[in-house]
Every structure is written in C-alpha cells, then in structure tokens.
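>
There are 2 protein chains.
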Amino acid sequence: MNPIQAPTLEMNFLLQQVFDAGNVWQKLPAIAELLDLETASAILEEGSRFCSEQIQPLNQRGDAQGVGFDGIQVTTPAGYPEVFRQYAAGGWVGLCGEPEFGGMGMPKMLGVLLDEMGYSASNAFTLYGALTAGAALCIHAHGSEALKALYLPKLYSGEWAGAMDMTEPQAGSDLRNIATRAEPQADGSYRINGSKMFITGGDHDLTSNVIHLVLAKIQGSDGISLFLVPKFKVNAAGDIGDANGVTVGAIEHKMGLKGSATCVMNYDDAEGYLIGRANRGLICMFTMMNYERLSIGIQGLGSAQCAYQMATAYAKERLQGLAAGGSPTGAKADPLVVHGDVRRMLMSIRALTEAGRALAMMTGMQLDGAKYAATESEKQQASKFAALLTPVAKAFLSDRGFDACVTAQQVFGGHGYISETGIEQLVRDTRIAQIYEGTNGIQAIDFLGRKLAGDNLATVTEFFGLLQQQQQSCAPIFVKEQQQLQQLQQQFLDVIAAVNQQKHDNPALINAVAVDALDAFGYLLYGHFWLMMADRALKATELPAAFVSGKQQLCHYYFAKQLPKVAMHLAAVAAGDDTVMQPVSDWF
Amino acid sequence: MNPIQAPTLEMNFLLQQVFDAGNVWQKLPAIAELLDLETASAILEEGSRFCSEQIQPLNQRGDAQGVGFDGIQVTTPAGYPEVFRQYAAGGWVGLCGEPEFGGMGMPKMLGVLLDEMGYSASNAFTLYGALTAGAALCIHAHGSEALKALYLPKLYSGEWAGAMDMTEPQAGSDLRNIATRAEPQADGSYRINGSKMFITGGDHDLTSNVIHLVLAKIQGSDGISLFLVPKFKVNAAGDIGDANGVTVGAIEHKMGLKGSATCVMNYDDAEGYLIGRANRGLICMFTMMNYERLSIGIQGLGSAQCAYQMATAYAKERLQGLAAGGSPTGAKADPLVVHGDVRRMLMSIRALTEAGRALAMMTGMQLDGAKYAATESEKQQASKFAALLTPVAKAFLSDRGFDACVTAQQVFGGHGYISETGIEQLVRDTRIAQIYEGTNGIQAIDFLGRKLAGDNLATVTEFFGLLQQQQQSCAPIFVKEQQQLQQLQQQFLDVIAAVNQQKHDNPALINAVAVDALDAFGYLLYGHFWLMMADRALKATELPAAFVSGKQQLCHYYFAKQLPKVAMHLAAVAAGDDTVMQPVSDWF
C-alpha cells in the first residue's frame, strides 16, 4: 500500500477560503493569540508527515497481529507503544487541550483535520489518542480542581490514556439500567463494583496508566453518576501506586479494528472519584460523548479519504478494458480511470468526502465558538449549532465513510476482496463507526427528536438562515444552485414541520422516520458546502487552475447526481410511520 | 446462532400463487412429467432440512478455520468433505441436471429456491456445488458427446467437482488479454500451459477430481477457446489416472468466504479437451457464467434471508429502551422490535428480500422457458427475457443482499461487530458477490449497453408489456399502485430512450450511467413484484390471515419507502455523463 498523503491543500483551502478561519480565529480571544493561518498550515504539514511516516506503517500489520491478552495485561500490536510515545511527545494528544494544564489550546476546527489524518493512517491506532483527549475534555469540563490538576497534564502529554466505560450487557443504547454500583467512602472517594463491556482502549501497553470514566449508580440511588477510576492509584504528587481493582475480563474478537482493544472491564472495590454532581453523570459523560461522536464521524471521514487515495491510485495504475470509443493511446488496455463507471465511483467518494470535511470543520467551528466566543450570545448560538450538527457529523460522516470504503473496494475488483490490498481492512475497520458511540439510528433520533422537534425547528430554521446568507454571497453564475438549495431547505422545513405537529399524537413517528430525516439534511447540507467550495475556489487568487476547475466539476456532479437524494429521503419521511409501525411484533 | 429455517411458506406462495408454477410446468413437456406443486413442496422441505441440519453448522467454524494449503493439496474446513458427500448423494448437485446423464431434470425456477437455502446456510460451502452444476451445464451445452458421457454423470453425482478458470493477473474483467496457451496434439487433445488466479474451488478435498473449464488461446491464434482440463486424467471407463499437470500455486487470504478455496492455478503441459468450437470459448464460457451470475445473485439473496432471520430473532429477544409512548407491558426495557427505526430496518430487508426471491424465480422461469418451452418462438422470447434479467439478478440481488447484511448488522448494535454473533461474517462473506462473476458495474453495462440499447429497447418494452398485462389482472383496490408503476415504466423507457439516442455520438455515456439505470430498473421491478404478491395473497384462499395482511403491509411499505428510489436513479441517468467524464484522468 502506498503511503497516504493528507490532503493539506484541500484543508488549507477550506480553512482559508471557505471558512475564513483567519478572521474567525481573530474573534476568539484565546485562539487569536496562539494561531494564525500560517501556523495552522505548518501544523497540518507536520501532522501529515507524522501520520504517513509513523502511524500508517502500523496499520496493516496491526490488523494481522491484533491485540493480545494474557489474562492480565492487554498488549497492542508491534510498534504501537513506540509510535504512541512519539505521537504523545509531539503534543498531538493535547492539541486542543487546555494550555493551563499543558495542552496546546488549538481550536477544534483545526483539530478535526488532524483527527482525519490520524484515522486515514490507522483507525485502530488513532482511537487511543482520541479517547484520551475526550476523557481530558470531560474532566476539564466537570472535574474538581484537584482532579484536573492531577490528571489533565498526564492525559494531555499522553503519559496516561483515557477510556469511557458505559455499556453493560443489559445496558447499551439505554443506559438507565446499568448495574455498576458506587459506595461512598469516608474520605470522599467511592468504592466501585461491577462490570462493563465493549470498552475501547480499556487496557493496553501504550501508557503507564489508564484513566477510566465510569458510569455507576451511587448506593441507594437510581440516578447515574460519573467516576474517574484509574487503573493504578495515583498519589497527590501524581506518582503511580498500587493497582486499583480494575481488571480486564476478556477482549472481544471483532470484524475489524483489531489493533484496538475492546475490553470487558471488572471493578472490584476500585477506588473512584466523583466527576461533577451526583446523579448527573450522563450529562457529564455527554461532554465526552459529543466529543467522541464528532471524532467517530471523522473516523468515517478519514477512512473515506484513505479509500479515495487507494482507489484512485489503483484506477490509474491498473490496466483493464479499453476506453469507450477506443483507447486514446492505442494500448491493448487502458487504465481503469478512463471508464465512466469507475469515474462515477471515484467522483461519488470524492464529492462526499470533501463536503464531509467541511461538515467536520463547521462542527468544530461551532464547538470553538461555544467555548471561546467573546460574547455569551455568540457562545449560545454556536452551542446550539454544535448540538444540531453533532449527530449529523457522527452519523452522516460514518455512513458516507463506510459507503466510500465499500465503493473504493469495488474499484479494486477481485483484488479488493484480498487482504493484501488493504482496502478490505478499511471496510472492516470503518464499519464500527456507524455503530459505536450511539448507533447512527440513535443519532438520527437525537437529531430529529431533540435537535429539530425539541425546539419546534427554531434552531434549524436559524441555521438555514445562516446558510442562505452565505449562499447569497455567491457569484451570480450560481443562482440556479442557490435557488435549488433554498427550495430544498423550505421543503425540508415543511416536511419536518408536519412531523413536529404530529409528534404528540403519534409518539412513534420520530423514531420511525429519523434516519431519513438526517440523511435528507446531510445531503442538503453537502449541497450547501459544494456551492460554497465552488464559489470560493473561483474567487481565490492563488489556487492552481486544475484545483479551481475541479471544484466546479465536483459541484456540478454533486448537484446532478447526489442532491436528488434529498427529495427521496424527504418522501420517505413524508410517508410517515404507518407502514412501519402497523405490523405486530410477532409478525416479523 | 439459531438454525436458519428456509422460508418454505413464502416459497410455496410464490410458486403457487404468484408464478402459477403448476400451470407453467404443465406447458413444459420435459418438466410436466417429472414435477407437480406437491412434489416441489416436498423437495423444498427436504432441502430446507438438509441446509439447517447439515450445512449451516459448518458455517461459522468454517470461517474460523478457513481452508488449508500444504503446498500441494487444499483442505476444506472440518466437516466439509462429509457433508458434501451427503449433499451430493442427496442429488442436490444434479438437481437441475440432465436426466440422461443422471441429473434430476428439475426446473431452474425450483432450483433457485434450493440455491437460496444453501447460501443462507453457508455462502462458502454452497459455492462448491454451484460451480460444479455450472460446469456441468456448460459441458452439456457445448461439449462433445464423449465429454458429456465421461464427465456429466460424475459431476451431477458430485463425485467430481467443477471450476471455472478465467482470470489471469493481467486479464480480469477484460479477458481478451489472457496468456494461457493451448497446443494441439496429434490425438485431438491440447497441451495447456499458463496460469490463472482467483479460481474459486480450484482445488479442495471434497471430491476425487476437479474438472477445470479453462480459457486459453490456441497456439497461433488470438481467439479464445474453452478447454476441459481435469486435475487427474480420466480413462475411457471413467477411472481416475495420473495427475494432469494442474497444480495450485497459492491460495488467497480474503475478507471472507474463508471456507471457500480461492486458488492460483498453474498448468504445466496439462492435457485439455476443446469444448465447443475453437476461438468460440467466450460464448461457451458465458453459458456457465450466466448460470453462475444468477447463482451469485442468489448468494446475495440467501444471505439477505439469513440476515433477516438473525436480525429479527435478535430484535425480538434483546431488551433495550422503551417503546415510544411507554412500554406496553410496563417493563424496564422493551424488545428492540418495538422501535420504529429497528422496524424500518427489518421492513427494508424483508421487502427487498421477498421481492428479490421473486426476481430470482422469474429469471429461473425464463431460463426454463428458453430450454423447455414447446415452441421455438416461446423459447426465443424466454431466452431474451432471461438475458435481460440475468445481469439484474446478479447485480441487484447481490447489492441488496449486501445492504441487507449491513442493515441486519446494525440491528445488532455493538454485538453486530463481534465475531461470535455471526452477522459480521455474513457481511464479509456476501461482499464478494458484488465483485466476482463480473463486477456489478460490468453487469450494469451489459444490461444497459447490450440488453436495453442493444436492440433499441425492443426487449425491455416487450417485457414491460408482459408486466403491465399481469398488473392489469390485479384487484381494483390496487389501481393506484398500477398507475404508479405504469407511469414509472414509461418514465424509465423515456429516460433510457434518450440514452439510446445518444449512444453513438457519445460512446462513454452508457458506461457512466449504467449502474443507475440498472438500479432504477431493479426498484421498479420490485414494485411490480410487490403489487403481484399483495394481490395474489389477497386472492388466495388457504393462506394464514397474518401472511395475507403482511403482504399488504409490505406492499404499502415498499411503495411508500422504496419505490421513490426509481425516480432518484432515473434523475442520475438523465443527468448524463458530463460531470463524470469531464475531469482529466490525472485530476483524480
């Protein structure tokens, strides 16, 4: 497999021309002093180099070797520990962390691009750092000053890693029924007992400690609380002490992601420390989960980008068949890339991946606004938009990411099914992104039920207003695309308004049509991004001509071939839930 | 994993009510004397039992163990040889074979149902028999009387197996460039030298001989010829003699289908016998390939049926979350099947799988007509329809089959990613069906380029006429569905007619829009099947009430939620190829 090169030209284009990040960052006081476009670009280059040179070479053999478990300790594939230490030393784990505790304080709009590069290079490897950064985010948002001071510096530096311990055999998507218990101790700590499953990075040999964020119920309460439970106890000076009653029961054998340890965790009188308020653990955990949801969306995006590069390289190199109308070179066989159907596949991956990158960045930008904006009202608006976009980023990026991998595999023909090529691993690794951190169905229900119907479409209407404003800044040649988007936005609002009106009379409706609603929104939003990318490329002065014309072609492709999906998904939403809910359960 | 039960009630319903197989078979002289509906039903029950009791138990451990190769001989997973012998002894390999040579002479419309059961039970195991039956079909159609007499009885009885040796490293989708050579010998045989790859069932320990159908070029000619090349030479009495210079170079490590051997084959002065005329090998091989294409479509169908049963069982058993509006039983958690989004997934798998079965059967029925019809004109019409439907059956059934497996995996949530559950194996095993026997892109180009544009839409127009005739026999309550289908059929013809008109001026067009054309046709045809199934269930007198109302619900579901895809795919066809063909190759 050739080394994957992160598309830094594309990334810089989005930062500079499409999102005008220089100006955006200028308005965020904490960012303005740290970062400008030039520095951002240098960080991208540095990250790209690390990912291609250090992380990617681990990926295929990590899949072949998998993680090991001797009954006590989980070991990662050969090379993982060394490269993780370099990764941590490079500051990549703490990239968006708090400078006060040793983080680099970078905005998430930049962070998402580094996440993408990591996942492009290796899904399995990159998860370890992503979970660590997410755990740090949660501890920073909800932990006591003492916990922050003790744990954040070690997490940002990657000396220790983080894990998110939620699922139990009887409690997956629905966490109300967890059985792990926390007993209050005289010293203010808690004694944790119970068991969890599907814990990504629950144990490994990358770091000297693993910091678990564990959901449990405090003795005598049915509310859910969040606890920090280290694998090894830590004294006040930050030194590692005794084992803490946190052990691995088993590791799972999975379809893919074989370099990532998925553990059954057991807590036997483990010492834990409450994070945030008692019985408010789900709210605290959601801070981490929302972060991870975006990250997992980006897992799909990173895989899609990798899939595109792999498929494109193969399509240019593999000679098979003649171009329609005869070989342009008179050869016995032309490269696959001359064939319309192969191009159709490559265009679909590319158009959806580039728009997907814009979605990830826009979500990151809203998270930055929610955290760093100068005024409270700006923070609130950004926070609402981040909440609106997070389930879309998680579900739509991972769904389209999986599609991209499967499509790229198709470009390889029979070779795509052979392990050696590497593309089938990408399909297997990426598949989980549609499932974990809340299945994509759960994301869609959150999106339609809470984010749209939850405020009677106020946020989405406001969001569409923002998009329209941006669309109106486009050059006159795009008037047709603008009109088409505005009509579809209105159509979307009309269909969703009808759902909203019925939500009380028909409580089953939202669950039944949510996935189509999210898909309609996703394809519509990508239409917006394609219009913006085409327009901004045209207006830019220093871009290569092929880059600019490529954006026009992709925009036309997207409007012609992908945007019709909006109406199709809206038709499915408008058709309601009768045909789905009528059969009795036994009939299935 | 629970044993999968073949849906024999559904199968009998399709045979009896939808396709009126009793009458159809009465009109085919060779079939009428062998088979009635009652016998067919008994065969289905017997096949179902064998598949659940014997084949399915091999499936999961076959994946874990995989095939072995010691440098000389390929070994299949434990249990395969014993069960294959029973399978062969039961007459299943020769089910549709010629009675003259020991086959059972059953129609393909019945055979497809047995194929489905086999693939539902195990993709990997069932392939061995399918290839053997396909090789026999080809030898019967094109081989000399001597070859038929020597080889067919041993193939139908499953004492020997068949393989199809086409692909070479430089010649996959495009076979013109194969390099394997055949040198004529004084005794009329040929000496074969060369190498092939991706040979499914190229070697194994299920049978005492493997009969390869090998494409090669006769010395001095650039035409392609087809040769029968046995692993072991066979004397005139049918006894196995010396090894024949056919050896395995390697086996491939694949994403799935690990119980099926995928071999590199080497021919070193191997003795081969010409099948059919010299330089006409591709036409002969297409007899086998068309058979295998239907079979591979059915691989997708069988997987989809298995996926439905697995997902449904899990959705009824797994308790998670509460029904919208509160648990109907007051439980702490309801089964997944109460949730609208889970039902959406199950309905989509079921609706597409049941219509898919009808497509497989209709294709089988046309193949039967082409072979057994009483008049030449009936044979010709059936032959044209079989040619029209074969690429659709291969591509649409395997694409929808893969979708079904992925969707079913989603129903399992996190458990779907774990090997233990078995559903991830189904995803991996089924993926290849979209690729081998001609990628689904190749199928689409065959469909649009040859089968539609090849006769300026004459066959498809005639075929739609047949469908309309059947639709008009439906009860008046279905008038809306009839009208909708007829409008869509007209729309399909209009859009394809425009493509047909441009095909000479723009030779790249067909390749670029073929997949969307095939998908539009597939979703439209499934609409037809749903109308027919709903109508015929209503008119039947002896079906359970829940069965009848289920067909109405699935029909309504299909028209509401799936049929809108026809317009979406037609929009993509109508948008032409400009946006796909314009970028220069280097830009990708």
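Protein sequences appear in the order of chains A and B.
What the first sequence shows, in the UniProt record's numbering, is residues 1 to 588, in sequence order.
What the second sequence shows, in the UniProt record's numbering, is residues 1 to 588, in sequence order.
Glycine included, each C-beta is placed from N, C-alpha and C at the ideal position.
#1: Under three-state DSSP, which class holds residue 197(B)?
#2: If residue 311(B) and residue 250(B) are in contact, beta carbons under 8 Å, what's the gap, nearest whole angstrom?
#3: Between residue 116(B) and the rest of its own chain, which residues show a CB-CB distance below 6 Å, the 5 nearest in sequence each way excluded?
#4: Just confirm the distance between the C-beta atoms of residue 321(B) and residue 174(A), as a whole number of angstroms; I'd bet it's less than 8 Å.
#5: According to DSSP, is residue 122(B) helix, strand or coil?
#6: May I have the straight-line CA-CA distance separating residue 533(B) from residue 368(B), to the nearest angstrom?
#7: Give the straight-line distance between the Cα atoms of residue 589(B) and residue 239(B), rounded to the nearest whole angstrom.
#8: So is residue 310(A) in contact with chain B if we call contact Cβ pairs under 8 Å?
#9: Which residues in chain A have a C-beta closer than 8 Å to the C-beta of residue 396(B)? List them in chain order.
#10: Contact criterion: CB-CB distance below 8 Å. Does residue 172(B) meet it with respect to chain A?
#11: Between the region 481-500 of chain A and the region 417-430 of chain A, do at least 3 Cβ pairs fall closer than 8 Å?
#12: Evaluate residue 318(B) with the Cβ neighbour count: other Cβ atoms within 10 Å of its Cβ, from every protein chain shown; 16 or more gives buried, anything less gives exposed.
#13: For residue 140(A), collect the residues of the same chain with a Cβ closer than 7 Å to its Cβ; drop the 5 residues on either side in sequence, then sort them by chain order.
#14: Quick one: what does DSSP say residue 66(B) is sitting in, helix, strand or coil?
#15: Can you list, in chain order, the residues of its chain with a C-beta nearer than 8 Å to that of residue 555(B)? Leave out the 5 residues immediately preceding and following it.
#16: Would you say residue 585(A) faces chain B, with C-beta separation under 8 Å as the test?
#17: Going along the chain, which residues of its own chain have a beta-carbon closer than 6 Å to the beta-carbon of residue 81(A), five neighbours each way excluded?
#18: Taking residue 500(B) as the reference, which of 448(B), 234(B) and 71(B) has the closest Cα?
#19: DSSP three-state call for residue 329(A): helix, strand or coil?
#20: Could you confirm whether any beta carbon from chain A is found closer than 8 Å to the beta carbon of residue 436(B)?
#21: Give me the chain B residues within the contact set of residue 588(A), using Cβ-Cβ distance strictly less than 8 Å, ordered along the chain.
#22: Put residue 209(A) into one of helix, strand or coil per three-state DSSP.
#23: Could you tell me the distance, in whole angstroms, from the CA atom of residue 359(B) to the CA atom of residue 127(B)?
#24: For the candidate residues 382(B), 509(B), 262(B) and 196(B), whose alpha-carbon lies nearest to that of residue 462(B)?
#25: Could you round the C-beta distance between residue 40(B) and residue 21(B) to whole angstroms and report it? I think they count as a contact, below 8 Å.
#26: Residues of chain B with CB under 7 Å from residue 561(A), in chain order?
#27: Please list the residues of the region 176-194 of chain B that have a C-beta atom closer than 9 Å to any C-beta atom in chain A, keeping them in chain order.
#28: Which two residues bound the contiguous beta strand (DSSP E) that contains residue 318(A)?
#29: Compare the C-beta of residue 417(A) with all C-beta atoms of chain B and state if any pair is closer than 8 Å.
#30: At a Cβ threshold of 8 Å, is residue 431(A) touching chain D?
#31: Go ahead and label residue 541(B) buried or exposed: buried means 16 or more other beta carbons lie within 10 angstroms of its beta carbon, across all protein chains shown.
#32: Just the C-alpha distance for residue 470(B) and residue 538(B), rounded to the nearest angstrom, thanks.
#33: Per DSSP, residue 163(A) forms a beta bridge with which residues?
#34: Verify the CB distance criterion: does residue 5(A) have a CB-CB separation below 8 Å to chain B?
#35: One question on the structure: do residue 202(B) and residue 87(B) come within less than 8 Å of each other, judged by their Cβ atoms?
#36: Any chance you could list the alpha helix (DSSP H) runs of at least 4 consecutive residues sitting entirely within the region 470-538 of chain A, in chain order?
In short, the structure shows the following:
#1: Stepping through the second sequence from its first residue, residue 197(B) is reached at position 197. Three-state result, residue 197(B): strand.
#2: The residue you call residue 311(B) lines up with position 311 of the second sequence. The residue you call residue 250(B) lines up with position 250 of the second sequence. In fact, because the Cβ distance is near 36 Å, the residues do not count as touching under 8 Å.
#3: Stepping through the second sequence from its first residue, residue 116(B) is reached at position 116. So the qualifying residues of the chain are 298, 301 and 302.
#4: Against the second sequence, residue 321(B) aligns to sequence position 321. Against the first sequence, residue 174(A) aligns to sequence position 174. The Cβ separation is near 4 Å, so the contact holds.
#5: Mapped onto the second sequence, residue 122(B) falls at position 122. Of the three classes helix, strand and coil, the one that applies to residue 122(B) here is coil, per DSSP.
#6: By 1-based counting over the second sequence, the position of residue 533(B) is 533. By 1-based counting over the second sequence, the position of residue 368(B) is 368. Approximately 22 Å, taken between the alpha carbons.
#7: Nothing can be reported for residue 589(B), as the shown portion of chain B is limited to 1 through 588.
#8: What you label residue 310(A) is simply residue 310 of the first sequence in a count that begins at 1. Taking Cβ atoms only, chain B never reaches closer than 8 Å to residue 310(A), which makes this a no.
#9: As a position in the second sequence, residue 396(B) is number 396, starting the count at 1. Those do not exist, as residue 396(B) stays about 15 Å from chain A at its closest Cβ, beyond 8 Å.
#10: Here residue 172(B) is taken as the residue at index 172 of the second sequence, counted from 1. With 8 Å as the cut-off, residue 172(B) counts as an interface residue toward chain A.
#11: no
#12: Translated into positions along the second sequence, residue 318(B) becomes position 318. The residue in question, residue 318(B), is buried, as its Cβ has 16 or more Cβ neighbours within 10 Å.
#13: Locating residue 140(A) in the first sequence gives position 140, where the first residue counts as 1. Excluding positions up to five away in sequence, the list reads 98, 148 and 152.
#14: Indexing the second sequence from 1 puts residue 66(B) at position 66. Three-state result, residue 66(B): coil.
#15: On the second sequence, position 555 is the one that residue 555(B) refers to. So the qualifying residues of the chain are 481, 530, 531, 533 and 534.
#16: Mapped onto the first sequence, residue 585(A) falls at position 585. Yes, contact with chain B.
#17: Working through the first sequence from its first residue, we reach residue 81(A) at position 81. Excluding positions up to five away in sequence, the list reads 205 and 206.
#18: As a position in the second sequence, residue 500(B) is number 500, starting the count at 1. Closest option to residue 500(B), Cα to Cα, is 448(B).
#19: The residue you call residue 329(A) lines up with position 329 of the first sequence. Three-state result, residue 329(A): coil.
#20: If you number the second sequence from 1, residue 436(B) lands on position 436. Yes - at least one Cβ of chain A is within 8 Å of the one on residue 436(B).
#21: Within the first sequence, the letter at position 588 stands for residue 588(A). Here the neighbours are 312, 315, 316, 337, 343, 346 and 350.
#22: Along the first sequence, one-based indexing puts residue 209(A) at 209. Strand, per DSSP.
#23: Walking along the second sequence from the start, residue 359(B) turns up at place 359. Walking along the second sequence from the start, residue 127(B) turns up at place 127. So the two alpha carbons sit approximately 20 Å from each other.
#24: Here residue 462(B) refers to the residue found at position 462 of the second sequence. Measuring from the Cα of residue 462(B), the nearest candidate turns out to be 382(B).
#25: For the purposes of this step, residue 40(B) is taken as the residue at position 40 of the second sequence. For the purposes of this step, residue 21(B) is taken as the residue at position 21 of the second sequence. Indeed, because the Cβ distance is near 7 Å, the residues count as touching under 8 Å.
#26: Numbered from its first residue, the first sequence carries residue 561(A) at position 561. Simply 572, 575 and 579.
#27: 176 and 177
#28: On the first sequence, residue 318(A) is found 318 positions in, with the first residue counted as 1. From DSSP, residue 318(A) is part of no beta strand (DSSP E); its letter is neither H nor E.
#29: For the purposes of this step, residue 417(A) is taken as residue 417 along the first sequence, with counting starting at 1. Residue 417(A) counts as touching chain B.
#30: No chain D is part of this structure, whose protein chains are labelled A and B.
#31: The count along the second sequence starts at 1 and reaches residue 541(B) at position 541. The residue in question, residue 541(B), is exposed, as its Cβ has fewer than 16 Cβ neighbours within 10 Å.
#32: Position 470 of the second sequence, counting from 1, holds the residue named residue 470(B). Position 538 of the second sequence, counting from 1, holds the residue named residue 538(B). Their backbone Cα atoms lie some 15 Å apart in a straight line.
#33: In the first sequence, the residue the question calls residue 163(A) occupies position 163. For residue 163(A), which the question treats as bridged, DSSP gives the partners 212(A).
#34: Here residue 5(A) refers to the residue found at position 5 of the first sequence. Answer no: the Cβ-Cβ gap between residue 5(A) and chain B never drops below 8 Å.
#35: Numbered from 1 along the second sequence, position 202 holds the residue referred to as residue 202(B). Numbered from 1 along the second sequence, position 87 holds the residue referred to as residue 87(B). Result no, Cβ atoms of residue 202(B) and residue 87(B) do not sit closer than 8 Å.
#36: 479-502
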